[in-house]
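Shown next, in C-alpha cells, is the structure this report addresses.
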Amino acid sequence: MKKTPNDNEFAKLLAEKQLDSANAHLAGIIDSASAGDVEKAIAADCGRYSLKRLATMLSPMAENYLESMAQKSMQITRQRFGSTVQLYAPLYVSNYCVNSCSYCAFSTQSSPDRIRLSIARACAEADIIAGEGFRHILLVSGEDSKFIDVDYLVKLAERLRSKFSSISIEIYPMSSSDYAKLFTAGIDGIAVYQETYDRSDYAKFHQAGPKSDFDWRLSTLSRAGQAGFRSLGLGFLIGLSDWRTQTLAMAEHADFLMKRYWQGRISFSFPRMRPAENVAQEMFGHMVTDSQLSQIMMALRLCFPDSEIVLSTRESANFRDNMSRICVTRVSAGSKTNPGGYGTEQGALKQFEIDDDRDAKDVAAALKAKGLEAVWKDWDSAFAK
Ligand code: SF4
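In the numbering used here, the protein residues as written are 34 to 418.
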C-alpha cells in the first residue's frame, strides 16, 4: 500500500473549496472585482494571503494595475531577497518514462530514442555543469523507476555532494521512507508539479501509467515535507486548465504546506507549454500571454513574500531578465533538456525546446546589467548543521 492515512488531507481541502473542479463562486469574485477591490488587495499588508485577495489580483480588472503590482513586488523582493538571483542547472538522467502525458515528448507513446545515464556518465555531465560555476543542480528524469530508483539517486547524490552545495530532484513521486533516504544522502530540494489541480482535466491528459493517480501526486510534497526537505517546489503546467483557478489551487497548496512543514521554503514555478517532439500545441486551450503570466507571478509575490519564484529557460531571455528585476529569485541557465545534453549525447530526445539558449555567463551578465547579482549556490548545507 503506497498511501498513508494523512495523504488525502489536502485533497479534502481542495474539494471543500471546489478548487479541483470549475468553481462558479470564485469565478464570480474574479469577474466582478472592481477597481476599488483591486486597489485594496494591492495595498493590503505584505504577505497577507487569502483566496479572495489573490483572486482579486488575478482578475481582469487587475490587468489595469500591473504597474502598481510590479512596483510593490519589486520592493518586497528586494527587501526579502536583496538584489540577488540564484542560478541552477538541470541534469536530465533518463528520458525513459512509463507515463503517457499527452503534452510531453518523453511520453511512452512517442519517440523510441531513449537514453539513461550511468552514474559515471551522470557525474561527467555534472562535472561540466560544475565547471560552468553552478553549485545548485536539479536532477531530472521521466518516471523510470526501474533504472532511476532510490539506490541510483542515493549513489549519485553521494558523488555530487562535494561539488554542489544543493541538490534537488524533479522526478516521479516516491514514498516518505524513500524521500527520507534521499534527504539523508544530501538531496534537500524537490519540485513536483501537479500539472493541473482540476480532476477532470487531469484525467484527460494523464490517461495511463502511475501518473494517472491524481491523489498520489497531490500528496507528494507532503511526503517530502515529512522527510525534511527544505525546498518544496510547486507548479502547474500552464496551458492545460484555466490559469486563474489553477493559480488559486496552487496557492492553497502552498498555504497548506507552509503551515505543516515550516522548515521548508516554498517555491513556485511557471512551466508554460513549449513545443516538443510529437506534441500538438493546438490541444491546449488555456495558454497565457506574457502579461498574464507576469500578473500571476506578481500576485503570488504580494501574497507570499518569502517564497522563491522560479523561471526556467522555457521562457524568453527578455521576459526572464525583466521578471528577475520584479519578482523572480531563481533561474536556470544554459539548460539542456536531454540526458547527456551537456556532453556527448547532444542529439538525444529532449523533453521540450527551450527558448532562452544563452549560456550561464551571459545570463549572469544580463542580470548584472539590471543591477542584480547572480548567486551560483542555493545555500550551503553547512549552515544547517
Ligand atoms: S511529463 Fe513527466 S511523467 Fe509525463 S511523460 Fe513527461 S517525463 Fe513522463
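Cβ coordinates follow ideal geometry from the N, Cα and C atoms, glycine included.
Quick caveat, the model's predicted, so the values are computed rather than measured.
query, result
"Per-residue burial, A417 [other beta carbons within 10 Å of its own, 16 or more giving buried]", "Residue placement at A417 is flagged as unreliable, the pLDDT there being 49, under the threshold of 50; a coordinate-derived value is accordingly withheld."
"Outcome for K403 when other beta-carbon atoms lying within 10 angstroms are tallied against a minimum of 16", "exposed"
"Near the ligand SF4: G175 beta-carbon under 7 Å from a heavy atom", "yes"
"CB contact flag (G272, R305, <8 Å)", "yes"
"Backbone CA spacing between Y129 and S174 [nearest angstrom]", "8 Å"
"Length of the line joining the Cα atoms of Y136 and F238", "8 Å"
"Contact check, A257 vs L265, beta carbons under 8 Å", "yes"
"Per-residue DSSP class, three states only, for A417", "Any reading at A417 is ruled out, since the residue's pLDDT is 49, under 50, leaving its predicted position unreliable."
"With 16 other Cβ atoms within 10 Å as the buried cut-off, status of M34", "Caution applies to M34, whose pLDDT of 42 falls short of 50 and renders its modelled position unreliable; the value that the coordinates give is listed next. Under this definition M34 is an exposed residue."
"Given 8 Å, three or more beta-carbon pairs between the region 198 to 215 and the region 97 to 110", "no"
"C134 burial status per 10 Å Cβ neighbour count (16 or more: buried)", "buried"
"Closest by C-alpha distance to I223, when choosing among L150, L87, S302, A241", "S302"
"Spatial neighbours of F289 in its chain, beta-carbon cut-off 7 Å, leaving aside the 5 residues before and after", "F43, L46"
"Terminal residues of the beta strand (DSSP E) in which T117 lies", "117 to 127"
"heavy atom of the ligand SF4 below 7 Å from F139 C-beta", "yes"
"As assigned by DSSP and simplified to three states, the class of A224", "strand"
"Cα-Cα separation, A381 to D182", "21 Å"
"At least 3 beta-carbon pairs within less than 8 Å: the region 223 to 234 vs the region 180 to 199", "no"
"Rounded separation between S54 and I161 - CA only", "44 Å"
"Alpha carbon of S365 to alpha carbon of A398, nearest angstrom", "14 Å"
"Proximity test, N462 beta-carbon vs the ligand SF4 heavy atom, cut-off 7 Å", "The structure shown does not extend to residue 462, since the chain is modelled only from 34 to 418, so the question has no answer here."
"Pairwise C-alpha distance: S106 and K401", "19 Å"
"Distance, A282 Cα to F180 Cα", "33 Å"
"Cβ pair F317, G261 closer than 8 Å", "no"
"Minimum C-alpha distance to S280 - residue among S83, A76, I75", "A quick correction: the sequence has Thr, not Ser, at residue 280. The shortest C-alpha separation from T280 is found at S83."
"Nearest candidate by alpha-carbon position, reference A153, set G164, V126, D177, R168", "V126"
"Uninterrupted alpha helix (DSSP H) stretches inside the region 298 to 377 (no shorter than 4 residues)", "323 to 336, 350 to 359"
"Ordered list of beta strand (DSSP E) runs contained in the region 131 to 205, each at least 3 residues", "169 to 174, 199 to 203"
"Residues bridged to F6 [DSSP beta-bridge criterion]", "Since the first residue of the chain shown is 34 and the last is 418, residue 6 is not available in this structure."
"Supposed close pair L59, A77 - CB separation, criterion 8 Å", "About 18 Å separates the two Cβ atoms, so there is no contact after all."
"Identity of the residues DSSP links to A241 by a beta bridge", "DSSP, once it has assigned bridges, lists no residue as partnering A241."
"Inter-residue spacing [alpha-carbon to alpha-carbon] between D275 and E165", "38 Å"
"Between the CA atoms of Q51 and A241 - distance to the nearest angstrom", "25 Å"
"Reference N41; option with closest CA among I387, F337, T253", "T253"
"A407 - containing beta strand (DSSP E), residue span", "406 to 408"
"N19 versus Q104 - alpha carbon distance", "Not covered by the structure: residue 19. The range shown for the chain is 34 to 418."
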